[in-house]
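Engineer: If you scroll down you'll find the structure; I have some questions about it.
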Amino acid sequence: MNVSMLKFSAMSAVCSVLLLTTGLSLAQPKPAATIAPTGVLATVNGVQIPSSLLEQNVNANVAQGQRDTPELRQLLKEELINREILAQESAKLGLDKTAEAKTQLAQMRQTLMVELLLNDLIKKNPVTDVQIKAEYDQRVQALRNEQEYKVALIVTSTEDEAKALIVQINKGESFEKIAAEKSIDPSKANGGQVGWVLPAQILPSISNVMVNLNKGALAVSPIRTQAGWNIIKLEDKRDYQAPGLNEAKNDIRQALQQQQRAELVKRLRDGAKIQ
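Heads up, the final residue of the sequence shown is numbered 842 in my numbering, and it's a clean run with no missing numbers.
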């Protein structure tokens, strides 16, 4: 197993970069000399590495598709030991005392504390199926009279190139072929196909043109956005078709959790002294 494929979670990820760039190999790990106490993965120069840290990183790797095997656990264990050795050497050299290190450590601590707070918020206020169903029904009701548009696009770096491509397409050249060859947008892999969208889901500069196109029509002029110059084609349009509740459940759950976060931030800001 290639060590570079292993995922290390939370703040330990910073050290992973350091380890991989040193060129250290774990193909033949040095076995531990003694058996560690219960709950302790290993002890390095008197510093104990908790077994819970191994479990945390095993779970992170499994979530990314790795299998929980003895080989995976041994590799992770040896890497955690190597990290502790490297961290101790870094501290011995006083590298954690530099202004840059202090700033980065402060940012890492802040990020961790925010993550802990938000996880605690979600744990104490779990989004229920009843809330999800209510939000789903509200969204479907609000969009019942909307129309969806099936859009394809080509994005170029310059206006002149976009205008030239519009001429070629109007002369009969394949939109999909030109998109695949000339577009700088990721949709080029699908011949420029973006799929079904609601006007509110895309930039107004594009949606304002899109809603006035006939089926199969190409916008007369390219539209400038931060991504470049957009050539828009309307493939089709239809009345809004709501996804099933099960299909929408995860997105709605995340949206409601984001709403909880926003409400928490507002409440804390209202009570904070900001100068």
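Here a beta-carbon is modelled for each residue, glycine too, at the ideal position from N, C-alpha and C.
By DSSP, does Y703 sit in helix, in strand, or in coil?
Structural biologist: Three-state DSSP puts Y703 in a helix.
Engineer: In this structure, how does DSSP classify A844 when only helix, strand and coil are distinguished?
Structural biologist: Because the chain spans 568 through 842 in this model, residue 844 falls outside it and cannot be assessed.
Engineer: Just how far apart, CA to CA, sit M675 and E748?
Structural biologist: So the two alpha carbons sit approximately 43 Å from each other.
Engineer: Beta-carbon separation of G759 and A746 under 7 Å?
Structural biologist: Their beta carbons are under 7 Å apart, which means G759 touches A746 by this criterion.
Engineer: So if DSSP puts E715 in a beta bridge, which residue, or which two residues, is it bridged to?
Structural biologist: E715 pairs with R805.
Engineer: Put L835 into one of helix, strand or coil per three-state DSSP.
Structural biologist: Reduced to three states, the DSSP call for L835 is helix.
Engineer: Should the region 681-701 be regarded as contacting the region 771-784, the criterion being three or more beta carbon pairs within less than 8 Å?
Structural biologist: As far as the Cβ criterion goes, the region 681-701 does not touch the region 771-784, which means the pair count is below three.
Engineer: State buried or exposed for K744, treating a residue as buried only when at least 16 other CB atoms are found within 10 Å of its CB.
Structural biologist: Classification of K744: exposed, given that the 10 Å Cβ count is below 16.
Engineer: With a cut-off of 8 Å on the beta carbons, I'd call K700 and L812 a contact; round off their distance for me.
Structural biologist: With 8 Å as the limit, K700 and L812 qualify as a contact, their Cβ atoms being about 7 Å apart.
Engineer: Pull up the distance between the alpha-carbon of V832 and that of W796, whole angstroms please.
Structural biologist: In a straight line, the C-alpha of V832 is about 37 Å away from that of W796.
Engineer: Which partner residues of L785 appear in the DSSP bridge assignment?
Structural biologist: In DSSP, L785 forms a bridge with K800.
Engineer: Between the region 716-723 and the region 788-805, do at least 3 Cβ pairs fall closer than 8 Å?
Structural biologist: With a cut-off of 8 Å, the region 788-805 and the region 716-723 count as touching, because enough Cβ pairs lie within range.
Engineer: Q714 and D782 - do their beta-carbons sit closer together than 7 Å?
Structural biologist: The amino acid occupying residue 782 in the given sequence is Lys; Asp does not appear at that position. Cβ distance not < 7 Å, so K782 and Q714 don't count as in contact.
Engineer: If we call anything under 7 Å between Cβ atoms a contact, is A815 one with Y716?
Structural biologist: Their beta carbons are not under 7 Å apart, which means A815 does not touch Y716 by this criterion.
Engineer: If we count the other Cβ atoms within 10 Å of its Cβ and call it buried at 16 or more, is E726 buried or exposed?
Structural biologist: E726 should be labelled exposed.
Engineer: Is the region 649-663 close to the region 602-621, with three or more CB pairs under 8 Å?
Structural biologist: Yes, they touch.
Engineer: So, under 8 Å CB-CB, L710 and A809 are touching, yes? Tell me the CB distance rounded to an integer number of Å.
Structural biologist: With a Cβ gap of about 7 Å, L710 and A809 count as contacting.
Engineer: Could you tell me whether the Cβ atoms of V761 and S754 are closer together than 7 Å?
Structural biologist: Closer than 7 Å, so yes.
Engineer: Going by Cα to Cα distance, which pick from G632, A630, Q631 and V625 is closest to L849?
Structural biologist: The structure shown does not extend to residue 849, since the chain spans only 568 to 842, so no value can be given for it.
Engineer: So the alpha helix (DSSP H) Q631 belongs to, where does it begin and stop?
Structural biologist: Unbroken run through Q631: none, as it is neither H nor E.
Engineer: Tell me where the beta strand (DSSP E) around I616 begins and ends.
Structural biologist: Segment V614 to P617, the beta strand (DSSP E) holding I616.
Engineer: Suppose the cutoff is 8 Å on Cβ atoms and the five residues either side in sequence are ignored; what does the same chain contact list for L732 look like?
Structural biologist: Excluding sequence neighbours, L732 sits near I721, T723, I745, K749 and I798.
Engineer: Quick check on DSSP: helix, strand or coil for A599?
Structural biologist: Residue placement at A599 cannot be trusted, given a pLDDT of 45 that sits under 50; what the coordinates show is reported in the next sentence. Of the three classes helix, strand and coil, the one that applies to A599 here is coil, per DSSP.
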